[in-house]
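J.:
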Amino acid sequence: MSQPALPDVDVAVIGGGAAGALVALHLLATPDLRVALVEPRPTLAQGVAYSTPRDEHLLNVNAARMSAFDDRPDDFLAFLRAAPSTAARPAEALPATFAPRRVYGDYLQARLAAALQAGTLIRLTETVDEIRPAAPGFALRTGAGTGLRARAVVLATGGVPAALPVSGVGAAAPGIIEAWHYAAVAAIAPEADVAIVGAGLSMVDVLLTLHANGHRGRIVAISRHGLLPLAHAPGTVPQAGGVEPLLPLGVRARMRLLRQWAAEAQAQGRPWQDALERLRPRVQTLWQAWPPAEQARFLRHAVRHWDIHRHRIAPEAAAVVEAMRRDGRFSLHAGRVMAVSARDDGRWQLDWRRRRCSDDERLVVDRIVNATGLEKRPTQVPGTLPAALHALGLARPGPHGMGIDTDAAGGVRDRSGATVPGLWTLGIPRIGTLWESIAMPELRGQAARVAAAALAHVRKAGARD
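Residue numbers (my numbering): 625 to 1089.
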């Protein structure tokens, strides 16, 4: 049964995690703008990453670079200086601190709450299942049947966990836990044998929680390449020089030059990480300089090596992982999971094959944790809003099937490739177009620009009425 329609709004922001909250707080700076924020979770501004209650889950970027605003680079530092949990730390140490993600979620909530003092927000704790064009904008329908009309829509839906890379096993099966289900990971018995599928940042979260809980059981991780995220180095600064020498190069030549730059940094007594920091502001430019065939070659052959160097973890987190590996509590193997099945004794059987081997091995554990990361092809996941938009022809997959295709401003492209007036997205859905589109330094700029574009669209549409 459908619910009564809400009052029409100027902009509907779909998703109230970090990306949606940033867009909303920019929009709320215009007092007469009618903004709706639709998010099924009871808490805004946190999403998956910043909703963790665990203090061992740290930001992967130091505090000096985590402001939510390009024009206020010290804003997060100011919050930390006033926050009870960090106010006692020496002020000079805060910029290099890797703060708990929980604290960053508190920061985003505080900034959204301040924005609410200046503007009016319609809050809808539901999930949008359908968006259709309806002059002068769009008609939205939630899973609960609530209707909403908006002149402009911003898709800030974030990401969903990728499914286990085996068929026939549902994510909801007892004993199989999503790495982002923080309470379920924390509830794993200390003596349990655990298999983790995936070896990226989500796996690090799982290890840190198990370590904090005094885990005694065996922990085995299996990933295609068997590579762990590397650590940030203290005192890293961008290496001198631009990225222009990299622009005309293909994948192999770029990686070769990057290794040369890293070696030069080390020869000067600097950390190799300086070479990666040299690239940091220009990664999107580097990605877009490649033709599609070269981008595809990177995705096939170099992406995991890029990821472990680019998406680094806090030194203290890396130290815990290394200690667990050194003392035998944790082992990592390169391979592929072939099958997962439940046993009569309540345990789980995982058949897997080492990389470059043809024989399967068997692992029996009490719990399996899916840490395979984000689903990069949301338009192909049934039951999601991106898939619904794709089915309607309002959206199409981004380059290489990743994310949602957009124009340079984040405008969503329809089935034909034309930009849909009044429909934008940001963050994870733009991964195919931009590649670097997840971290806060990129997200905050996108949020400000998308909010400005939505406001301009509403003003222009209003002038025509």
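Note that beta-carbon positions come from the ideal geometry of N, C-alpha and C, so glycine has one too.
Suppose the cutoff is 6 Å on Cβ atoms and the five residues either side in sequence are ignored; what does the same chain contact list for R979 look like?
T.: For the purposes of this step, residue 979 is identified with residue 355 of the sequence shown, where counting begins at 1. Within the same chain, R979 has close Cβ partners A958 and G959.
J.: Using alpha carbons as the reference points, say which of I812, A808, L851 and H835 lies closest to L825.
T.: As a working mapping, residue 825 is identified with position 201 in the sequence shown. The residue with the shortest Cα to Cα distance from L825 is L851.
J.: Which residue spans inside the stretch 799-845 form an unbroken alpha helix (DSSP H) run of at least 4?
T.: Segments of the alpha helix (DSSP H) lying fully in the stretch 799-845: 806-810 and 825-836.
J.: Kindly indicate which three-state DSSP category R1020 falls into: helix, strand or coil?
T.: As a position in the sequence shown, residue 1020 is number 396, starting the count at 1. The answer is coil: DSSP assigns R1020 none of H, G, I, E or B.
J.: Could you tell me which residues DSSP pairs with H957 in its beta bridges?
T.: Position 333 of the sequence shown holds residue 957. H957 is bridged to I846.
J.: How far does the beta strand (DSSP E) with E754 in it reach, from first residue to last?
T.: Along the sequence shown, one-based indexing puts residue 754 at 130. Note, E754: beta strand (DSSP E), V752 to A758.
J.: Using only alpha-carbon positions, find the residue among E868, R848 and H925 that is nearest to A906.
T.: For the purposes of this step, residue 906 is taken as the residue at position 282 of the sequence shown. The question names Ala, but residue 906 in the sequence shown is Arg. Of the listed residues, the one whose Cα sits closest to R906 is E868.
J.: Taking I801 as the reference, which of L923, G997 and A1032 has the closest Cα?
T.: Here residue 801 is taken as the residue at index 177 of the sequence shown, counted from 1. Among L923, G997 and A1032, the Cα nearest to that of I801 is on G997.
J.: What did DSSP end up calling D699 once you bin it into helix, strand or coil?
T.: Position 75 of the sequence shown holds residue 699. When secondary structure is reduced to three states using DSSP, D699 falls in the helix class.
J.: Determine contact between the stretch 916-926 and the stretch 1011-1028, defined as no fewer than three beta-carbon pairs at a distance below 8 Å.
T.: Taking one beta carbon from each stretch, the stretch 916-926 and the stretch 1011-1028 have 3 or more pairs nearer than 8 Å; the two touch.
J.: If you draw a straight line from the alpha carbon of T713 to that of L704, how long is it in whole angstroms?
T.: For the purposes of this step, residue 713 is taken as residue 89 along the sequence shown, with counting starting at 1. For the purposes of this step, residue 704 is taken as residue 80 along the sequence shown, with counting starting at 1. The residue you asked about is not Thr; residue 713 is Arg in the sequence shown. Those two C-alpha atoms are separated by around 9 Å.
J.: Which class does M1026 belong to by DSSP, given the choice of helix, strand or coil?
T.: The residue labelled residue 1026 in the question sits at position 402 within the sequence shown. DSSP places M1026 in coil when its eight states are reduced to three.
J.: Alpha carbons only, please: which of T654, A813 and V844 is nearest the one belonging to M827?
T.: As a working mapping, residue 827 is identified with position 203 in the sequence shown. Here the closest residue by C-alpha is V844.
J.: I'd like to know whether the C-beta atoms of H929 and L900 end up nearer to each other than 7 Å.
T.: Along the sequence shown, read from residue 1 onward, the residue named residue 929 stands at position 305. Along the sequence shown, read from residue 1 onward, the residue named residue 900 stands at position 276. Going by C-beta atoms, H929 is not nearer than 7 Å to L900.
J.: Please confirm whether H839 and P814 have their CB atoms less than 7 Å apart.
T.: Within the sequence shown, numbered from 1, the residue matching residue 839 stands at position 215. Within the sequence shown, numbered from 1, the residue matching residue 814 stands at position 190. Cβ atoms of H839 and P814: closer than 7 Å.
J.: Determine the DSSP secondary structure at A768, reduced to helix, strand or coil.
T.: Working through the sequence shown from its first residue, we reach residue 768 at position 144. Here A768 sits in coil by DSSP.
J.: Evaluate the contact criterion for the stretch 630-649 versus the stretch 774-788: three or more CB pairs, one atom per stretch, below 8 Å.
T.: yes
J.: Which residue wins for smallest C-alpha separation from D931, given the options A917, M879, L956 and E940?
T.: Within the sequence shown, the letter at position 307 stands for residue 931. D931 has its Cα closest to that of M879, out of A917, M879, L956 and E940.
J.: Specify, as a first and last residue, the run of the alpha helix (DSSP H) that P1045 falls within.
T.: Position 421 of the sequence shown, counted from the start, is the residue given in the question as residue 1045. Element bounds for P1045: not the alpha helix (DSSP H) but the beta strand (DSSP E), T1043 to T1049.
J.: Is it right to say Q1070 is buried, meaning 16 or more other beta carbons lie within 10 angstroms of its own, or is it exposed?
T.: Position 446 of the sequence shown, counted from the start, is the residue given in the question as residue 1070. Buried.
J.: Identify which residue in I812, D975, A763 and T1008 has its Cα closest to the Cα of D634.
T.: In the sequence shown, counting from the first residue as 1, residue 634 sits at position 10. If we check each option's Cα against that of D634, A763 comes out closest.
J.: Would DSSP call A1078 helix, strand or coil?
T.: Taking the sequence shown and counting its residues from 1, the one referred to as residue 1078 is at position 454. A1078 falls in the helix class under three-state DSSP.
J.: Tell me which residue opens and which closes the alpha helix (DSSP H) that Q670 is part of.
T.: Counting from one through the sequence shown, the residue named residue 670 turns up at place 46. Run containing Q670: none; DSSP gives neither H nor E here.
J.: I'd like to confirm the pairing. Which residues does DSSP put opposite F762 in its beta bridges?
T.: Looking up residue 762 in the sequence shown gives position 138. Paired residue(s): P757 and A774.
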